[in-house]
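Beneath this line is the structure, given in structure tokens, with notes to follow.
Number of protein chains: 2
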Amino acid sequence: MIPARAIDRGSPETPTKTRERLLDTAERLFAERGFRAVSVRVITSHAGCNVAAVNYYFGGKENLYREMFRRRLVALREQRISSIRRAMAEAGSGASLELPLRAFTTAFLEPHLDQSGGRRLMRLFSRELLDPHLKAGTLQREVIEPVHSALVEAIQAVCPGLDASAARRSIHSLVAQLVHVVHMRNAPGVLRGAGREDFSFPAVVDHIVRFSAAGIRGSLT
Amino acid sequence: MIPARAIDRGSPETPTKTRERLLDTAERLFAERGFRAVSVRVITSHAGCNVAAVNYYFGGKENLYREMFRRRLVALREQRISSIRRAMAEAGSGASLELPLRAFTTAFLEPHLDQSGGRRLMRLFSRELLDPHLKAGTLQREVIEPVHSALVEAIQAVCPGLDASAARRSIHSLVAQLVHVVHMRNAPGVLRGAGREDFSFPAVVDHIVRFSAAGIRGSLT
DNA sequence: CCTCGTTTCAAACGATCGTTTTGACGGCAG
DNA sequence: CTGCCGTCAAAACGATCGTTTGAAACGAGG
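Quick note, the sequences are listed as chains W and P, same order. All residue numbers for the first sequence refer to my numbering, where the first residue is 104 and numbers rise by one. All residue numbers for the second sequence refer to my numbering, where the first residue is 104 and numbers rise by one.
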């Protein structure tokens with residue numbers, strides 16, 4: 104085979120350390136195929152290092168997974184919460200309901216327009232929800248609950264008549280639609296035939312904003 | 104260990120055949136832990152037979168999985184489509200929008216109230232979407248697309264002003280909320296603290312019906 | 001009784017898994 | 001130079017994977 108040391112090294116002026124290459128490679132492969140489907144040998148060969156490196160740097164495959172995940176959790180939470188806060192600040196006090204809704208929706212979906220880490224992160228997220236390898240409730244505590252609370256708070260600010268329960272459920276409905284879009288765009292072989300353009304930007308954003316705004320107003324009474 | 108033949112046999116008057124026991128056991132275990140996480144030895148020991156039985160009856164683990172899945176696909180599709188048709192028939196020609204929406208929602212969510220096969224099937228569904236082991240597009244062709252078409256047709260019947268694109272997207276929004284409820288109720292450790300009652304029946308059904316009806320009406324113009 | 005096809009079994013196959021061992025290599029302080 | 005430390009790779013470890021094998025056990029028909 105190819106000499107392991109010869110492949111996938113960064114450019115010589117940035118001799119990326121083995122540890123970081125392992126984290127990056129693991130993130131990509133785990134997102135594409137899932138935790139169990141990726142062996143440490145596949146990871147290390149793609150990262151251009153020896154099998155033992157995983158245990159040397161992380162003490163095992165599962166710790167590599169958790170370390171890889173932990174890197175992204177805080178960044179994801181802060182990015183989303185700050186996008187909510189920014190949208191609320193721009194909206195001002197007399198903002199319409201549609202404006203923050205549109206800001207949330209685009210902030211959530213735009214990472215999936217490019218080929219960068221945003222899509223990967225949501226795939227990792229979905230897999231972790233279905234097949235947990237972090238400590239129980241980590242995702243909920245670190246990301247889901249804080250973002251959900253921020254969204255509820257923002258919605259209640261622009262929709263004073265909405266009681267707490269209806270606000271929480273409306274946010275669930277909004278998030279559900281966003282997650283659904285992500286799933287449909289990620290799932291292989293699902294977007295076939297007609298309906299492929301149902302999830303194309305920016306029409307899907309327009310629909311979600313309009314649908315959710317009407318839904319929230321309908322939950323007011 | 105325990106003698107394999109001694110465990111998990113059906114009652115003596117129904118000497119369930121090995122083949123069917125394998126299918127049932129595989130369905131339960133695959134739904135709980137996923138395809139790769141369940142070994143054929145675990146399946147056969149729970150089914151009370153020898154390891155070789157999987158290859159004898161199905162020719163391999165993957166074929167067992169596909170056979171197990173194939174049993175349920177047609178039934179799931181027919182149950183959902185018939186529930187749609189039945190709701191439309193009961194609604195009559197002058198039906199309100201809320202009535203079929205409520206019928207769809209309860210039909211989709213009620214299997215998750217009991218501990219029976221409905222929950223399992225949706226877990227298998229989610230796993231298959233994220234980690235496919237059927238031929239590409241099988242889920243889409245056998246279930247998702249037909250049910251989606253039936254829903255679009257029904258919605259357009261009670262909502263004549265809705266154009267085709269808005270109807271498809273509105274159904275996506277409805278299904279997204281239903282799937283979200285299923286995921287939240289299935290995911291381990293996600294429903295903690297406050298927000299646990301956000302997905303309890305029948306309040307969640309009421310919310311989805313009201314939210315979606317308003318959303319659809321808001322997509323009309 | 002015997003035969004024959006079906007079913008089930010214990011045992012073993014080769015492959016691959018995550019992990020550990022062992023030691024080589026290079027830079028740096030003493 | 002010597003000794004140590006961080007880095008890393010080759011090899012091997014035991015375990016488990018899906019699958020195969022060959023024969024025993026079974027039940028129905030002659």
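Ideal Cβ positions, reconstructed from N, Cα and C, are used throughout, including at glycine.
(message) Any beta carbon of chain P sitting closer than 7 angstroms to that of W:H310?
(response) yes
(message) Applying the 10 Å Cβ sphere with the 16-neighbour rule, what's the burial state of P:L254?
(response) buried
(message) For the segment 171-182 of chain W, list every residue whose C-beta sits within 7 angstroms of some C-beta in chain P, in sequence order.
(response) Per Cβ criterion, the list is empty.
(message) At a CB distance below 7 angstroms, what residues from the segment 217-242 of chain P approach chain W? Give them in sequence order.
(response) S229, R230, L232, L233, D234, P235, A239, G240
(request) Quick one: residues in its chain with C-beta nearer than 6 angstroms to the C-beta of P:Q280, no 5 flanking neighbours on either side, listed in chain order? (result) I311
(request) Starting from the beta carbon of W:F314, find every residue of chain P whose beta carbon is closer than 7 angstroms, and list them in chain order. (result) S273, S276, G318, G321, S322
(message) Against chain P, with Cβ distances strictly below 7 angstroms, would W:Q280 count as a contact?
(response) yes
(message) Can you list, in chain order, the residues of its chain with a C-beta nearer than 7 angstroms to that of P:C262? Leave out the 5 residues immediately preceding and following it.
(response) L200, I319
(message) For the alpha helix (DSSP H) containing W:D100, name the first residue and the last one.
(response) Nothing about residue 100 of chain W can be read from this structure; chain W reaches only from 104 to 324.
(request) Drop a sphere of 10 angstroms on the beta-carbon of P:V307, count the other beta-carbons inside from all chains shown, and report buried for 16 or more, exposed for fewer. (result) By the Cβ-count criterion, P:V307 is buried, with 16 or more other Cβ atoms from all chains shown falling within 10 Å of its own Cβ.
(request) Report buried or exposed for W:L216, applying the criterion of at least 16 other Cβ atoms within 10 angstroms of its Cβ. (result) exposed
(message) Just to make sure I have the definition right: I need the residues of chain W whose C-beta is within less than 8 angstroms of the C-beta of P:A270. Which are they?
(response) In chain W, no part has a C-beta under 8 angstroms from the C-beta of P:A270; the shortest such distance is about 10 angstroms.
(message) Let me see if you follow: with CB-CB separation under 7 angstroms, is P:T121 close to chain W or not?
(response) no
(message) Counting only C-beta atoms, is P:G163 closer than 7 angstroms to chain W at any point?
(response) no
(message) Does W:P203 pass the burial test, meaning 16 or more other C-beta atoms within 10 Å, or should it be called exposed?
(response) buried
(message) Counting only beta-carbon separations shorter than 7 angstroms, does W:G137 have a partner in chain P?
(response) yes
(request) Answer with yes or no whether the minimum CB distance from W:A290 to chain P is below 7 angstroms. (result) Interface residue, yes.
(message) Quick check: P:I146 and P:L126, are their CB atoms within less than 7 angstroms of each other?
(response) no
(message) Tell me the residue span of the alpha helix (DSSP H) that contains W:H236.
(response) Following the DSSP letters along the chain, one finds W:H236 in no alpha helix (DSSP H), marked with neither H nor E.
(message) Using 8 angstroms for Cβ pairs, my map puts P:I187 next to P:F161. What's the rounded Cβ distance?
(response) Contact doesn't hold; Cβ gap of about 33 angstroms is too wide.
(request) Closer than 8 angstroms by beta-carbon distance: list the chain W residues that pair up with P:D127, in chain order. (result) Near P:D127 there are no residues of chain W at all, since even the closest Cβ is about 22 angstroms away, more than 8 angstroms.
(message) Using the Cβ count rule (16 or more neighbours within 10 Å means buried), how would you classify P:G195?
(response) exposed
(request) Locate the alpha helix (DSSP H) running through P:E213, then write down its first and last residues. (result) Taken as a continuous stretch (DSSP letters only), P:E213 belongs to no alpha helix (DSSP H), as it is neither H nor E.
(request) Count the other C-beta atoms from every protein chain shown that fall within 10 angstroms of the C-beta of P:Y159, then say buried if there are 16 or more, exposed otherwise. (result) Classification for P:Y159: exposed.
(message) What does the alpha-carbon distance come out to for the pair P:A192 and P:A260?
(response) Linking P:A192 to P:A260 through their CA atoms gives a straight-line distance of about 11 angstroms.
(message) I'd like the list of long-range same chain contacts for W:D309, defined as Cβ closer than 7 angstroms, with 5 residues on each side in sequence excluded.
(response) none
(request) With distances taken Cα to Cα, identify the nearest neighbour of W:A129 among W:E245, W:D301, W:R223. (result) Nearest of W:E245, W:D301, W:R223 to W:A129, Cα basis: W:R223.
(request) Starting from the N-terminal side, write out each stretch of the beta strand (DSSP E) that is 3 residues or longer and does not extend beyond the segment 129-183 of chain W. (result) none
(message) For a cutoff of 7 angstroms on Cβ pairs, would you count P:H215 as touching chain W?
(response) no
(message) Taking the straight line between their C-alpha atoms, what separation do you get for W:A316 and W:V157?
(response) 48 angstroms
(message) Classify P:S276: buried if its beta carbon has 16 or more other beta carbons within 10 angstroms, exposed otherwise.
(response) buried
(message) Tell me the rounded alpha-carbon separation between P:I274 and W:L232.
(response) 24 angstroms
(request) Note the first and the last residue of the continuous alpha helix (DSSP H) segment covering W:R288. (result) First-last of the alpha helix (DSSP H) with W:R288: 267-289.
(request) Would you verify that the beta carbon of P:H283 is, or is not, closer than 7 angstroms to some beta carbon of chain W? (result) yes
(message) Relative to the C-alpha of W:L265, which candidate in W:A290, W:G321, W:R189, W:E181 has its C-alpha closest?
(response) W:G321
(request) Compare the Cα-Cα distances from P:S142 to each of P:R122, P:E123, P:G163, P:R124 and report the closest residue. (result) Of the candidates P:R122, P:E123, P:G163, P:R124, the one whose C-alpha sits nearest the C-alpha of P:S142 is P:G163.
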